[in-house]
Amino acid sequence: MDEFIPHAHSSRRGFFPFLNQYLMKIITSLFVFLFASFLSQTRASIAYGSINNFDTVNDTGKVCHGFEIEIEDCRSVDISYTYDYNHYGTPKITQDDSIPGHPKCVIRWESKRNPDGSWASSTAIPSAPIAPTDGHQFTDPSVNFGGEHFGVGYNVAVGAIRYHWLVEDLSGQLVYGGDVQIATPSFVYYPPIDAQPAQPAQPAKVQAIIEPPVVELEPYPDLEFGPAVWVKEIRTVTHNPEKVALRDLVSDDPARDDEKNWRNGEPDEVEVEWQILQKELSKPDGGNNGRLEAAPEELNQGDEVVTRRYEFYEYVGPIDANGEAKASKVGPDDLHGQGVKIINGESVDLANVVVVGAFKGAQMSAVDVEAVVGLIDHLNEAEVQVTYADRRVIVPGAKPFTAEIIGTLPRGMSFDAASGVLSGTPEEAGAFPLTIRATELASVPIAKQYVLQVAAEGQALEAQGMVNCEIFPLSGGTVRGTGVFAPGAEVVLSATALPGYVFDRWEEQGTILSRDASYNFAMGDVNRNLQAVFVIADQPNAIVMQKNPATGVAFALEWSVLPEGWILEESSDLSANSWRESTRADAPHDGVHHVEIADPAPKQLFFRWRKP
Numbered sequence: 042m043d044e045f046i047p048h049a050h051s052s053r054r055g056f057f058p059f060l061n062q063y064l065m066k067i068i069t070s071l072f073v074f075l076f077a078s079f080l081s082q083t084r085a086s087i088a089y090g091s092i093n094n095f096d097t098v099n100d101t102g103k104v105c106h107g108f109e110i111e112i113e114d115c116r117s118v119d120i121s122y123t124y125d126y127n128h129y130g131t132p133k134i135t136q137d138d139s140i141p142g143h144p145k146c147v148i149r150w151e152s153k154r155n156p157d158g159s160w161a162s163s164t165a166i167p168s169a170p171i172a173p174t175d176g177h178q179f180t181d182p183s184v185n186f187g188g189e190h191f192g193v194g195y196n197v198a199v200g201a202i203r204y205h206w207l208v209e210d211l212s213g214q215l216v217y218g219g220d221v222q223i224a225t226p227s228f229v230y231y232p233p234i235d236a237q238p239a240q241p242a243q244p245a246k247v248q249a250i251i252e253p254p255v256v257e258l259e260p261y262p263d264l265e266f267g268p269a270v271w272v273k274e275i276r277t278v279t280h281n282p283e284k285v286a287l288r289d290l291v292s293d294d295p296a297r298d299d300e301k302n303w304r305n306g307e308p309d310e311v312e313v314e315w316q317i318l319q320k321e322l323s324k325p326d327g328g329n330n331g332r333l334e335a336a337p338e339e340l341n342q343g344d345e346v347v348t349r350r351y352e353f354y355e356y357v358g359p360i361d362a363n364g365e366a367k368a369s370k371v372g373p374d375d376l377h378g379q380g381v382k383i384i385n386g387e388s389v390d391l392a393n394v395v396v397v398g399a400f401k402g403a404q405m406s407a408v409d410v411e412a413v414v415g416l417i418d419h420l421n422e423a424e425v426q427v428t429y430a431d432r433r434v435i436v437p438g439a440k441p442f443t444a445e446i447i448g449t450l451p452r453g454m455s456f457d458a459a460s461g462v463l464s465g466t467p468e469e470a471g472a473f474p475l476t477i478r479a480t481e482l483a484s485v486p487i488a489k490q491y492v493l494q495v496a497a498e499g500q501a502l503e504a505q506g507m508v509n510c511e512i513f514p515l516s517g518g519t520v521r522g523t524g525v526f527a528p529g530a531e532v533v534l535s536a537t538a539l540p541g542y543v544f545d546r547w548e549e550q551g552t553i554l555s556r557d558a559s560y561n562f563a564m565g566d567v568n569r570n571l572q573a574v575f576v577i578a579d580q581p582n583a584i585v586m587q588k589n590p591a592t593g594v595a596f597a598l599e600w601s602v603l604p605e606g607w608i609l610e611e612s613s614d615l616s617a618n619s620w621r622e623s624t625r626a627d628a629p630h631d632g633v634h635h636v637e638i639a640d641p642a643p644k645q646l647f648f649r650w651r652k653p
């Protein structure tokens, strides 16, 4: 631990206010946590705003060129984060208001075209069955093995959610490739209950609930049941308050022990081995298999992040004349059924019947009840004279925030600092560099560099990749070289430390890329979102001592507010165990801290700086 003694002896008393003990990386929180109307359970409320990332297998039988998510009763401004690191990059977000009072938000990942008109991106047809343990390959765009990873978050109570692969029709347009057998969970939050004379205190709890995938019912007009799907429910045994970045809410790689994934560093267990999800169409609650409710999970500290994984498998077992799946148990081989059942008048030994089909995908979900303000990863593209769907760039947390934008927006566009929403109809094409900064109440500010790409009217942008960068801490330095790049183009990033700081490293997804202030790489097939990390220099700022600056004040101490992090300790006699962190009132002004020590001051007092 580095120590500096800027003033060894004084007849007056010194003070340094508490600064951050560590210069901690401010990682954008994934979740906005809202409380809705009460459920029947006492004080329970739905925890809206969980983020959902999922692996999905291309089971259309065709090469796909995109993916679309429809969310009913959701506006574009209600979308928080999207997963921008698959073959298709940052999605397009639109809002459909054709049904009054029921907006529908559409998130569409779509391939761009090459100059010759061919598709620039695709998702291959699987050459062999894909196992759940191959999930880490869904997030590696250098691999195209028949699956993809997508994700979206929202901060309101939404209606039905539908997923669609996009395939090319005979006219060269993208159309739906069929229903996707992936479902999305919701979370119910139970606030803590204070102790009562006859009842001990109860911690807060979170309960996950999942219902069958939403599909179009036209193919099943005469059936009483919708299609069935098998689901496995996996949870972490314990929880911690560490924030989970959307990009890290992914399947684990068995070959890597140091990776970030949906578990958030905790051990996991299968809570439900095999469960049928199938909606009984005539019943509002979906019937016996219309929903799967997990056991409530306690938040003993109140701020833990809860993560879950759901794996979906095709149901290939027998159904009766009404469409009901008759297999309800799976044998030890994870393939055949169990038990004997009467199906359509005949006795069937399910141990001889294969009931589990192909792996369809996995949903990784999380909820954070103590969210902090965050910034989305990339801005959606725009087009001249086409209304830009209102986009929430700053995702609010539990506390109020202030915001500012640095840079010039295209004519016709505006940024609302109060809500953090970008909107308008652009009137000029081009690439517009922007920096958006947000500061949550009593928190360290965060900022990110963006590029807003605007296509000419009626034109499509070429296939390009975005390179964004976050600076930690924001006061530590500056970065040059971010922007939009063609595939294969060289990207040169350079970091410059501000006074009091030194550059430490480039990071991405927690992996150190380089410790050189200049970092070069070739633009690949996926967007990049890097972090430039600075640390405070070894030499702290000097303290200026002012004698009798005002009536009744023996001394005033002043020092620069930057760099943040140095901790001033004080001692009355310099003995080893006498040093204590100062805890006195501070009245900062004009970029400096200001502390006043009233008369009479002690005869001697010693100060030293401690580096975190």
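For what it's worth, our numbering labels the leading residue of the sequence shown as 42, then goes sequentially.
Backbone N, C-alpha and C define an ideal beta-carbon position, used for all residues, glycine too.
Only a predicted model underlies this, so the values are computations on that prediction, with no experimental measurement involved.
Assigned exposure category for I250 - 16 Cβ within 10 Å defines buried: exposed
Could you give the C-beta distance for I234 and Q248, rounded to a whole number, given that I count them as a contact under 8 Å? Between Q248 and I234 the Cβ distance is about 15 Å, and since that is not below 8 Å, they are no contact.
At which residue ranges does the segment 385–410 contain complete beta strand (DSSP E) runs of 3 or more residues, listed in the order of the chain? 387–390, 397–409
Would E424 and A472 be called neighbours here (beta carbons separated by less than 8 Å)? no
Residues of its chain near C654, where Cβ-Cβ distance is below 7 Å and the 5 sequence neighbours each way are ignored: A query on residue 654 cannot be resolved here, the shown segment of the chain reaching from 42 to 653 and no further.
Sequence ranges, beta strand (DSSP E) only - wholly within the segment 239–295, length at least 3: 245–251, 270–277
Ordered along the chain, which non-local residues of its own chain (more than five positions away) have a Cβ less than 6 Å from that of N570? D418, N509
Among T624, E189, P226, which has the Cα closest to the Cα of G200? P226
Work out the CA separation of Y560 and A530 for me, nearest whole Å. 14 Å
Best match in E283, K103, E189, I275 for proximity to M405 [C-alpha to C-alpha]: I275
Around the Cβ of I435, are there at least 16 other Cβ atoms within 10 angstroms (buried) or fewer (exposed)? buried
According to the neighbour-count rule (16 or more other Cβ atoms, all chains shown, within 10 Å of its Cβ), is L482 buried or exposed? exposed
To the nearest angstrom, how far is the alpha carbon of K654 from that of F95? The structure shown does not extend to residue 654, since the chain is modelled only from 42 through 653, so no value can be given for it.
Return the residue from the list P156, H143, Y124, V193 that minimises the CA-CA distance to T180. Y124
Spatial distance of Y491 from P467 (CA atoms): 17 Å
Excluding the 5 residues flanking Q240 on each side, which residues of the same chain have their C-beta closer than 8 Å to its C-beta? I234
Report buried or exposed for T174, applying the criterion of at least 16 other Cβ atoms within 10 angstroms of its Cβ. exposed
Closest residue to G499 among K489, A470, A617 (Cα-Cα distance): A470
Status (buried if at least 16 other CB within 10 Å, exposed otherwise) for H630: exposed
Determine the burial state of K145: buried for a count of at least 16 other Cβ atoms within 10 Å of its Cβ, exposed for fewer. buried
Beta strand (DSSP E) segment containing Y356, residue limits: 346–356
From this set, Q505, N582, P253, E352, which residue's C-alpha is nearest L493's C-alpha? Q505
CB contact flag (V272, Y351, <8 Å): yes
Could you give the distance in angstroms between the alpha-carbon of N341 and the alpha-carbon of V410? 12 Å
Comparing C-alpha positions only, which one of I171, P437, G398 sits nearest to G415? P437
As a quick exercise: from Q237, E321, G343, pick the residue whose alpha carbon is nearest that of P282. G343
To the nearest angstrom, report how far apart K284 and W303 are at their CA atoms. 11 Å
Helix, strand or coil for P474 per DSSP? strand
Nearest-angstrom Cα separation, counted from Y122 out to D657: A question about residue 657 goes unanswered here, because the residues of the chain that appear run from 42 up to 653.
Can you find a CB in chain D that lies within less than 8 Å of the CB of Q214? Of the protein chains in this structure there is only one, and it is not chain D.
Uninterrupted beta strand (DSSP E) stretches inside the segment 466–521 (no shorter than 3 residues): 471–481, 487–496, 506–513, 518–521
Comparing alpha-carbon positions, which option in I171, G524, P373, E599 lies nearest Y354? I171
Look up S443 in the DSSP assignment and say whether it is helix, strand or coil. The sequence shown places Thr at residue 443, rather than the Ser named in the question. Three-state DSSP puts T443 in a strand.
Pull up the distance between the alpha-carbon of T480 and that of R651, whole angstroms please. 26 Å
Can you tell me the Cα-Cα spacing of G194 and E113, whole angstroms? 14 Å
Between L290, A597, N363, Y542, which lies nearest to L515 when the distance is taken from Cα to Cα? Y542
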